[in-house]
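What follows is a set of notes on a single structure, which appears directly below.
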């Protein structure tokens with residue numbers, strides 16, 4: 001049955017404005033019409049009237065009126081999902097227009113693998129912001145395949161620290177070498193493997209819990225590195241968390257030598273020789289390449305990454321607090 005609310009029928013495309021979509025998001029986020037009305041500077045009756053107008057235009061109910069909370073119906077949830085996508089697309093259009101006009105991106109998103117030295121990333125951010133660009137910076141923490149997926153899905157403009165195992169690049173993505181990173185097998189001094197005779201075997205390692213970094217990829221199973229079939233595993237979100245877990249004796253595993261070095265020097269970790277080929281990953285950085293070329297913000301970052309000293313620092317200069 002068509003929804004009758006005593007209002008003149010609006011065309012759907014007239015009703016689906018950014019203001020209307022933001023209004024719905026506010027209602028759902030705050031959980032009530034009254035709270036959303038306060039945020040939007042409206043009286044509750046005015047907000048309710050606007051929602052009714054939108055429902056009338058779409059000929060659906062967007063909120064369940066049987067409860068005091070503002071719970072969206074199935075149709076309301078779908079509109080919120082699609083509305084969020086439309087708002088993001090409108091932001092992207094505005095960004096492209098501004099970039100055409102000034103050459104600067106409105107926002108630059110950088111996906112950074114947790115294997116990269118965070119202090120160097122912050123130094124680069126400070127140097128970039130010191131030139132007072134009109135571009136907002138957004139950083140994303142990623143691991144393993146996550147950085148390249150963020151780039152391919154359009155969630156990032158630049159990815160730093162992509163392992164060669166994850167380097168499956170889509171169309172329009174350029175990449176360059178960042179550097180090679182050696183991995184070493186380490187345990188805490190009180191871990192059972194600390195007293196094992198060198199070199200230790202893969203069979204012996206498989207009898208102990210391994211600490212593994214979870215792939216931050218959002219779709220698919222992602223990469224799993226250094227875990228034997230059937231081996232007990234503690235999965236953590238970052239390489240820094242992996243180091244912390246291993247220093248606590250919660251497990252064993254391979255870690256980047258530059259990250260482990262400060263803890264080896266003070267005795268919080270012990271390196272063990274293993275009956276395996278030395279692990280080395282060849283890391284890269286990649287960026288989205290548009291037909292008109294990189295914007296001025298991306299150009300700045302690519303210029304920094306083209307310098308060997310910067311690339312080495314991103315891999316080597318891990319500092320402890």
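Numbering (UniProt numbering), first residue to last: 1 to 321.
Beta carbons are placed, not taken as given, at the ideal position from N, Cα and C, and that holds for glycine.
Please confirm whether residue i and residue j have their CB atoms less than 8 Å apart.
{"i": "residue 114", "j": "residue 141", "result": "yes"}
{"i": "residue 180", "j": "residue 280", "result": "yes"}
{"i": "residue 178", "j": "residue 284", "result": "yes"}
{"i": "residue 155", "j": "residue 286", "result": "no"}
{"i": "residue 135", "j": "residue 297", "result": "yes"}
{"i": "residue 87", "j": "residue 21", "result": "yes"}
Measure the C-alpha to C-alpha separation of residue i and residue j and round it to an integer number of angstroms.
{"i": "residue 118", "j": "residue 64", "result": "46 Å"}
{"i": "residue 256", "j": "residue 47", "result": "55 Å"}
{"i": "residue 188", "j": "residue 248", "result": "7 Å"}
{"i": "residue 304", "j": "residue 128", "result": "10 Å"}
{"i": "residue 216", "j": "residue 269", "result": "26 Å"}
{"i": "residue 322", "j": "residue 39", "result": "In the structure displayed, the chain extends from 1 to 321; residue 322 sits before or after that span and is not available."}
{"i": "residue 126", "j": "residue 302", "result": "16 Å"}
{"i": "residue 98", "j": "residue 15", "result": "27 Å"}
{"i": "residue 32", "j": "residue 89", "result": "27 Å"}
Using a Cβ-Cβ cutoff of less than 8 Å, which residues in the same chain neighbour residue i once the five nearest sequence positions on both sides are dropped?
{"i": "residue 209", "result": "231, 232, 233, 234, 250, 251 and 252"}
{"i": "residue 271", "result": "184, 185, 186, 260 and 264"}
{"i": "residue 62", "result": "24, 51, 54, 55, 72, 73, 75, 76 and 79"}
{"i": "residue 67", "result": "none"}
Provide the residue(s) that pair with residue i in DSSP beta bridges, ordered along the chain.
{"i": "residue 53", "result": "None, per the DSSP bridge assignment."}
{"i": "residue 176", "result": "285"}
{"i": "residue 162", "result": "284"}
{"i": "residue 72", "result": "63"}
{"i": "residue 110", "result": "139 and 158"}
{"i": "residue 183", "result": "256"}
Considering just the uninterrupted stretch of the alpha helix (DSSP H) at residue i, what are its terminal residues?
{"i": "residue 61", "result": "No alpha helix (DSSP H) contains residue 61, which DSSP labels as neither H nor E."}
{"i": "residue 146", "result": "146-152"}
{"i": "residue 28", "result": "18-30"}
Check for me: the beta strand (DSSP E) holding residue i runs from which residue to which?
{"i": "residue 138", "result": "136-142"}
{"i": "residue 255", "result": "253-256"}
{"i": "residue 270", "result": "270-272"}
Among residues of its own chain, excluding the 5 on either side of residue i, which ones have a beta-carbon nearer than 7 Å to its beta-carbon?
{"i": "residue 80", "result": "24, 25, 28 and 72"}
{"i": "residue 198", "result": "272 and 273"}
{"i": "residue 190", "result": "249"}
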